[in-house]
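Reviewing the structure listed below.
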Amino acid sequence: MTSNRFGIGLLLRICLILVNLLLLAAAWLKADLLFTYILLILILAVQIGELLHYTNHTNRELKKFLDAIRHEDYSVNFSGHKLGKSFRDLNEGFKDIIERLKKARVSHQGQTELLKMVMESVRVGILVIEENGTVSLMNQAACQMLNCPQFHNWDMFRKKKSAFASQLGDLDFEGRKLIHLDDREFYLDLEHIRLVGERYYLISFSDLKNEIEQKEIEAWHKLIRILAHEVMNSVTPISSLSETVQHMLTNSAGEPITTEEFTIERIHDIREAMGTIVRRSRGMLNFVEEYRKLTKLPAPNFEVFGVKELLDEVTALMKPQAEKAGVSLSAEVAQSKLALKADRKMVEQVLINLISNAIYSLEEQADG
0 MTSNRFGIGL LLRICLILVN LLLLAAAWLK ADLLFTYILL ILILAVQIGE
50 LLHYTNHTNR ELKKFLDAIR HEDYSVNFSG HKLGKSFRDL NEGFKDIIER
100 LKKARVSHQG QTELLKMVME SVRVGILVIE ENGTVSLMNQ AACQMLNCPQ
150 FHNWDMFRKK KSAFASQLGD LDFEGRKLIH LDDREFYLDL EHIRLVGERY
200 YLISFSDLKN EIEQKEIEAW HKLIRILAHE VMNSVTPISS LSETVQHMLT
250 NSAGEPITTE EFTIERIHDI REAMGTIVRR SRGMLNFVEE YRKLTKLPAP
300 NFEVFGVKEL LDEVTALMKP QAEKAGVSLS AEVAQSKLAL KADRKMVEQV
350 LINLISNAIY SLEEQADG
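In this text, residue positions in the sequence shown follow numbering that gives the first Met the number 0: the first is 0, and each later residue adds one.
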């Protein structure tokens, strides 16, 4: 009976409206009941309004859910548990997705702060410039070596530090070069990075006078490139899955989906996508934490795991990125019980890197 509570409530309201209509018909036949007739009309209007409010409960909850995602408000609560099992399941799905989004956001913020801490701890000057000229990162070492505050615009940087910027030109080269500034020599490395369709310029430089040996400089540059490469390969599929979730919540016109389109199956698809995002975010966080010491590669944690399970998870993670690039991605394992003893997270990261490189190589080729 609990599962049909919404239907019972709806039927009861319809019956009350029918009773009121019968009373209206009876009052209409008697001229001396004019006041009663007017009162019944008012009651009928209230009944109809209350019926509409009652039947629109799901729409209100769905709008509340979509508004919470749009405004990143993860403190919202959902009601409707008294209306039956279907409403309770729907609200539980809403709550689960909100909680997963909240965890993913906290995890992403933690990873960003950790990466900033790593960038601030190194003795190499680091500049990250977006294609539109925004300086998205300028660490403390860069400020100290160039004797300048943090700039957020490349044009302003070039005006204030023209001697340094002029030797970089239009940032159209890649690789290493030696530059001179105020009787000092800087060993500079410029890399072009493409992340989620946007182009970034990663500039790392160091004062040769403060370096003990060339190998140490190369080690820093290599570490920065590895961090940038690994983070990029993890963030790209996360971003693709996030776009997939966004498409699940909007129709072809870019508007929030209606109640009829928001099915339990769609909730399960969103939960699965968010679970993959959380899983990959944790893997990236663990990877960055292992490299935080900047002294040695993380020791492998050997365990036995199924090869098919791992390949299915990596395929699900990378498939949105592959489809976006027009590349077909699939995985087949002849023996479903095939197992491997290795560090699962390291193997997963290696597979992500290989697939990312393959997608990058095939995205401009026909029949990729």
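Yeah, the Cβ is synthetic: ideal placement off N, Cα and C, and Gly gets one too.
One question on the structure: do residue i and residue j come within less than 8 Å of each other, judged by their Cβ atoms?
i    : j    : result
A321 : I358 : yes
S205 : R122 : yes
D188 : H220 : yes
L65  : P255 : yes
L33  : L23  : no
S280 : S165 : no
H191 : E217 : no
I125 : I223 : yes
G92  : I266 : yes
L328 : K340 : no
Y199 : V117 : no
Any idea what DSSP makes of residue i, helix, strand or coil?
i    : result
N352 : helix
H191 : strand
H151 : coil
S205 : strand
D171 : coil
R122 : coil
I184 : It is worth fixing the name first, because residue 184 is Glu in this sequence and not Ile. E184: strand per DSSP, three-state reduction.
E264 : helix
L328 : coil
S135 : strand
E302 : strand
A341 : strand
I256 : coil
K336 : coil
To the nearest angstrom, how far is the alpha carbon of residue i from that of residue j?
i    : j    : result
L309 : M345 : 12 Å
E302 : E197 : 37 Å
I178 : P236 : 37 Å
L29  : R12  : The sequence given here has Lys at residue 29, not Leu. Between K29 and R12, the C-alpha separation is close to 26 Å.
L284 : V277 : 10 Å
K115 : C142 : 15 Å
G109 : L15  : 56 Å
F185 : V195 : 31 Å
H313 : A140 : Checking the displayed sequence, the identity of residue 313 turns out to be Val instead of His. In a straight line, the C-alpha of V313 is about 37 Å away from that of A140.
L379 : K336 : The chain is shown only over 0 to 367; residue 379 falls outside these bounds and no answer can be derived.
E229 : I263 : 35 Å
Q245 : A25  : 55 Å
L50  : L61  : 18 Å
E183 : S161 : The question names Glu, but residue 183 in the sequence shown is Arg. Going from the Cα of R183 to the Cα of S161 covers about 15 Å.
F156 : A338 : 54 Å
N352 : N232 : 6 Å
K176 : K158 : 22 Å
S2   : R104 : Unreliable positioning characterises S2 in this predicted model, as indicated by a pLDDT of 47, which lies under 50. A coordinate reading is not provided.
L136 : V234 : 17 Å
A67  : W27  : 49 Å
D181 : P148 : 17 Å
V18  : A44  : 14 Å
D311 : N356 : 19 Å
L201 : A227 : 9 Å
M247 : D268 : 9 Å
Write down the C-beta distance between residue i and residue j rounded to the nearest angstrom, noting that I regard them as a contact closer than 8 Å.
i    : j    : result
R343 : F304 : 5 Å
V332 : V306 : 6 Å
E119 : N146 : E119 to N146, Cβ: 17 Å. No contact.
E362 : A315 : No, E362 and A315 are not in contact; Cβ-Cβ is about 19 Å, not under 8 Å.
Do the stretch 226-244 and the stretch 267-286 make contact, defined as three or more Cβ pairs closer than 8 Å? Counting C-beta pairs with one atom in each stretch, the stretch 226-244 and the stretch 267-286 have three or more that are closer than 8 Å, which means they touch.
Would the stretch 90-100 and the stretch 127-134 be scored as touching if the rule is three or more Cβ pairs under 8 Å? These segments do not touch.
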